[in-house]
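The structure under discussion appears below in the form of structure tokens.
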Amino acid sequence: MKNRSLVSINDFSKKEQLHILELAAEFEKKPTQKILEDFVVATLFFEPSTRTRLSFETAVNRLGGKIIGFSDASSTSVKKGESLKDTIKTVANYSDLIVMRHPVEGSARFASEVSQVPIINAGDGANQHPTQTLLDMYTIKQTQGKLDNLHIAFVGDLKYGRTVHSLVIALTNFNCTFHLVSPFELKLPSAVKMHIKEKKLEYYQYTSMEEVIDKVDILYMTRIQRERFSDPMEYEKIKNSYVLRNEMLNNTKKNLKILHPLPRVNEIDEDVDENSKAYYFQQALNGVFVRQALITTILGLKK
Amino acid sequence: MIKELKVSAIENGTVIDHIPSASLFHVIKILNLDTTSNMVLFGTNLESKKYGTKGIIKVSNKFFKPQEVNKISLVAPNATLIEIKKFQVVSKKVVQVPDEIVKIVKCFNPNCVTNHEDVPTRFTMLSKEDVRLKCHYCEKITDKKNMVIK
Numbered sequence: 225m226k227n228r229s230l231v232s233i234n235d236f237s238k239k240e241q242l243h244i245l246e247l248a249a250e251f252e253k254k255p256t257q258k259i260l261e262d263f264v265v266a267t268l269f270f271e272p273s274t275r276t277r278l279s280f281e282t283a284v285n286r287l288g289g290k291i292i293g294f295s296d297a298s299s300t301s302v303k304k305g306e307s308l309k310d311t312i313k314t315v316a317n318y319s320d321l322i323v324m325r326h327p328v329e330g331s332a333r334f335a336s337e338v339s340q341v342p343i344i345n346a347g348d349g350a351n352q353h354p355t356q357t358l359l360d361m362y363t364i365k366q367t368q369g370k371l372d373n374l375h376i377a378f379v380g381d382l383k384y385g386r387t388v389h390s391l392v393i394a395l396t397n398f399n400c401t402f403h404l405v406s407p408f409e410l411k412l413p414s415a416v417k418m419h420i421k422e423k424k425l426e427y428y429q430y431t432s433m434e435e436v437i438d439k440v441d442i443l444y445m446t447r448i449q450r451e452r453f454s455d456p457m458e459y460e461k462i463k464n465s466y467v468l469r470n471e472m473l474n475n476t477k478k479n480l481k482i483l484h485p486l487p488r489v490n491e492i493d494e495d496v497d498e499n500s501k502a503y504y505f506q507q508a509l510n511g512v513f514v515r516q517a518l519i520t521t522i523l524g525l526k527k
Numbered sequence: 071m072i073k074e075l076k077v078s079a080i081e082n083g084t085v086i087d088h089i090p091s092a093s094l095f096h097v098i099k100i101l102n103l104d105t106t107s108n109m110v111l112f113g114t115n116l117e118s119k120k121y122g123t124k125g126i127i128k129v130s131n132k133f134f135k136p137q138e139v140n141k142i143s144l145v146a147p148n149a150t151l152i153e154i155k156k157f158q159v160v161s162k163k164v165v166q167v168p169d170e171i172v173k174i175v176k177c178f179n180p181n182c183v184t185n186h187e188d189v190p191t192r193f194t195m196l197s198k199e200d201v202r203l204k205c206h207y208c209e210k211i212t213d214k215k216n217m218v219i220k
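These protein sequences, in sequence, are chains A and B.
Converting from the first sequence to our numbering requires adding 224 to each position, the first position being numbered 1.
Converting from the second sequence to our numbering requires adding 70 to each position, the first position being numbered 1.
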């Protein structure tokens, strides 16, 4: 994987993905290792992000590397009309690896083709966010001891949520059963369902969480955004039916864990936070270990 | 009875026949015939027994490589390619739908990088029957009904 870019989750094979997860477990045991001291990592965030940018920067800092970059493109030459190609080629002169987030879909793939150094895609519009997928996989494996044969429920906006699409596709390699809970307007796109069908796996669709919550190993919650609805009345009608409350967890499986890519708005009640089944903050921490594993592998420091 | 040719014969070169009338100028553009210095003869809205009407192009002293000409299958899936030497037909074949399409189609996704930066489009063909193209960059699908030739 040395010197390879990670743009789409499918750029890495199942074996390579599992290798990153194993390495992430080593970093979890020993997060501070000064093996990146001679390296400069660029973090180019053309649109705002909290968790993703900070966890990449934490990953680099804990490894002793240096960071250059920006968290807001408005203070850069992009504002003067510089092309993406020129920005990337310039920054590639200064750094050993570029982490980028950009609102335009396909921008990371294009960057990986013009850059002299590897690119890690930290989100390109509604398209891909592969490091989120890897950290979700890591968290599932960490809490369940395995990735295979699990029952996983995805709840909320399954139509536009890129984290859901990539994770579903990645988990089709592991014989999981998919339980898809969403309002009718926000169902999982058929292009993603095709991946499940191709692997001859099962999926079930629901409109209420209660129908399935007691049967699953992982409950993956997502935020439903008001602007997804053309009719605001529709949003008002459904918004409360996709909120997870603590009492709903009473009869759930012992090994159930609740994940969420964050930020959360109101779809998980705060009283759930104290429940041992809530796992979204640990999930965000896992992002650091997974990114440490990726960065060191791509730079050829770990095999 | 001698059949009258609406578009004159060429001595050497290529004839592209059975082009849908509506696609004739697309084919000219895709093959860069609008900028060539070779003699080009064409006709459109000609009578066709098979298709009702059709277009035809004759390019003098030019022989296309298959990958060059296969691109036109997007707009002219039944086009026939006839090579002529000394006024005689030396080969005749139907165009093949290629596995990859570069440059000529616009990505349907307005938020794709190819519609924002100076990047040539690139697609892989998912289905040859109904022409479904997957963008190499944004990974979204452009199908036949949303296809725009650049």
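Where is the CB? At the ideal position from N, CA and C, for every residue including glycine.
A quick note: this is a predicted structure, and the numbers were derived from the prediction, not measured.
Query: Check whether Thr184 of chain B and Gly330 of chain A have beta carbons under 9 Å apart; Result: yes
Query: Host alpha helix (DSSP H) of Phe178 of chain B (start-end); Result: Run containing Phe178 of chain B: none; DSSP gives neither H nor E here.
Query: As assigned by DSSP and simplified to three states, the class of Ile154 of chain B; Result: strand
Query: Closest residue to Ile492 of chain A among A:Ala297, A:Glu471, A:Asn479 (Cα-Cα distance); Result: A:Glu471
Query: Alpha-carbon spacing of Gly13 of chain B relative to Val159 of chain B, whole angstroms; Result: Here chain B covers residues 71 to 220 and nothing more, so residue 13 of chain B does not appear.
Query: Under the three-state DSSP convention, the category Tyr504 of chain A falls into; Result: helix
Query: Rounded distance between the beta-carbons of Arg228 of chain A and Ile522 of chain A, thought under 8 Å; Result: 6 Å
Query: Beta-bridge partners of His326 of chain A, as assigned by DSSP; Result: A:Asp348
Query: Among B:Pro147, B:Asn108, B:Lys120, nearest to Leu94 of chain B - alpha-carbon criterion; Result: B:Pro147
Query: Unbroken beta strand (DSSP E) run spanning Ser414 of chain A, endpoints; Result: Unbroken run through Ser414 of chain A is the alpha helix (DSSP H), 414-422; no beta strand (DSSP E).
Query: Buried versus exposed, by CB contacts within 10 Å (16 or more), Gln166 of chain B; Result: exposed
Query: C-beta neighbour in chain A for Tyr207 of chain B, strict 9 Å; Result: yes
Query: Own chain residues within Cβ distance below 8 Å of Gln368 of chain A, not counting five before or after; Result: Leu374, Asp441, Ile442, Asn479, Lys481
Query: Opposing strand residues paired with Thr84 of chain B [DSSP bridges]; Result: B:Val129, B:Glu153
Query: Asp381 of chain A to Glu187 of chain B span [Cα, whole Å]; Result: 30 Å
Query: Residue range of the unbroken beta strand (DSSP E) whose run includes Gln340 of chain A; Result: Note, Gln340 of chain A: premise wrong, no beta strand (DSSP E); not H, not E.
Query: Chain B contact for Gly347 of chain A (CB, 9 Å cutoff); Result: no
Query: Interfacial residues, the segment 326-350 of chain A to chain B, with Cβ spacing under 7 Å; Result: Val328, Glu329, Gly330, Ser331, Arg333, Phe334, Gly349
Query: Own chain, CB closer than 6 Å to Pro255 of chain A, minus 5 neighbours either side, in chain order; Result: Arg286
Query: Of the residues A:Gly288, A:Ser432, A:Leu391, A:Leu404, the one placed nearest Asn234 of chain A, counting alpha carbons only; Result: A:Leu391
Query: Residue environment, Gln340 of chain A, which counts as buried when at least 16 other CB atoms sit within 10 Å; Result: exposed
Query: Cβ separation of Ala332 of chain A and Val231 of chain A, assumed to be a contact under 8 Å, to the nearest whole Å; Result: 5 Å
Query: Any C-beta of chain A under 9 Å from that of Lys210 of chain B; Result: yes
Query: Bridge-paired residues (DSSP) for Leu116 of chain B; Result: B:Lys124
Query: Spatial neighbours of Gln137 of chain B in its chain, beta-carbon cut-off 7 Å, leaving aside the 5 residues before and after; Result: Pro168
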